[in-house]
Each structure stands twice: as structure tokens, then as C-alpha cells.
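Report on the following structure.
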Amino acid sequence: MLPGVEWLVVAGVIAIILIAILTRAVRKPVKCPREVGDVERALSAMFDDVRTVKFGDYVAFRARSGYIPLAVVVNCKKGEVSTEWPWPLALVLFLVPNLQIPAVVLFIWFWDAAKRFRNTVLHLLSEAAAAE
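The opening residue of the sequence shown carries number 793 in the working numbering; numbering runs sequentially from there.
So this is what it looks like as C-alpha cells:
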């Protein structure tokens with residue numbers, strides 16, 4: 793390995809973990825509509841393989857953006873939102889020699905798709921709740 797590359801690997805792993813933790817920690821209150829069928833239909837026009845599960849106070853939306861599996865889980869009673877995306881894959885690829893730069897690009901691609909899906913779900917939920 794080149795001198796100083798070890799610091800690049802350590803700094804990259806720490807950055808990826810911090811971004812993943814901070815992305816999950818961001819919480820915005822959201823109101824849920826009584827019926828989420830319209831939200832599911834709107835999401836299925838934008839993403840692939842959209843599935844919706846409603847259980848008690850929770851609503852989960854799962855979809856694919858290209859090859860990236862994404863999920864947003866909303867606690868309608870508390871207004872909490874959590875986003876699930878495959879960030880560990882980019883972290884593991886970052887540890888493979890000579891794949892650090894592609895791993896960072898993959899991580900940014902995954903993060904952008906997850907952020908876009910989360911914002912779309914939250915926007916559609918707020919519009920559907922306002923329409924009721």
C-alpha cells in the first residue's frame with residue numbers, strides 16, 4: 793500500500809459510519825393519512841416493486857430504485873421516520889484494496905437514492921394527509 797493510504801481507509805470508514813448514523817438520526821414529524829393506497833400508487837409510478845405494510849401505528853414503504861433496495865418506516869403516532877438503505881455494502885467495499893474510490897461513489901449513489909425516496913414518501917404522506 794502507498795504511504796498514507798491507511799489513513800484514507802480509516803477516515804473513509806469513519807465518514808461512512810457517521811453519515812449513516814446521522815442520516816438515521818434525522819427526524820421530522822409527519823402526519824399519516826388514514827388510507828395509504830394513493831401514496832402506494834404514486835410511489836409505484838416512480839419506483840420499482842413498491843410494497844406497503846401497515847401495522848398498528850406503523851406504515852412501511854419498500855421499493856427499489858434501480859438495483860438499490862430502499863425502505864421508509866413511519867411511526868404515525870409519534871411522527872418518527874426511519875430510512876433503511878444498503879450502506880454496509882459500500883462500507884465493506886471500501887475495505888477492499890483498490891476499491892476505495894468506487895466504494896465512495898457507490899455510497900454517494902445509495903445515499904442520494906435513499907434521500908430521494910425518503911423525501912418523496914414524506915411529501916406524498918403530507919399531501920395525502922392534507923387532502924383528507
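Think of the CB as a built atom: it goes at the ideal place given N, C-alpha and C, for glycine as much as any other residue.
Q. Quick one: what's P861 bridged to in DSSP?
A. Per DSSP, R856.
Q.
Assuming V913 and L835 are in contact, meaning their beta carbons sit under 8 Å apart, how far apart are those beta carbons, in whole angstroms?
A. Taking 8 Å as the upper bound for CB-CB distance, V913 and L835 are in contact here, some 7 Å apart.
Q.
If contacts are defined as beta-carbon pairs under 8 Å, then L898 and L883 qualify, I think. What distance do you get, rounded to the angstrom?
A. 10 Å between Cβ atoms; not a contact.
Q.
Give me the residue from A923, H915, S857, K907 with the minimum Cα distance to L814.
A. The candidate whose alpha carbon is nearest that of L814 is K907.
Q) Rounded to a whole number of angstroms, what is the C-alpha to C-alpha distance between A921 and K823? A) A direct Cα-Cα distance of roughly 6 Å separates A921 from K823.
(Q) I'd like to check one pair, A863 with R856: are the Cβ atoms closer than 8 Å? (A) No, the pair does not count as a contact, with Cβ atoms beyond the cut-off.
Q | Other residues of its chain near D830: CB distance less than 7 Å, five sequence neighbours each side excluded | A | A920, listed in sequence order.
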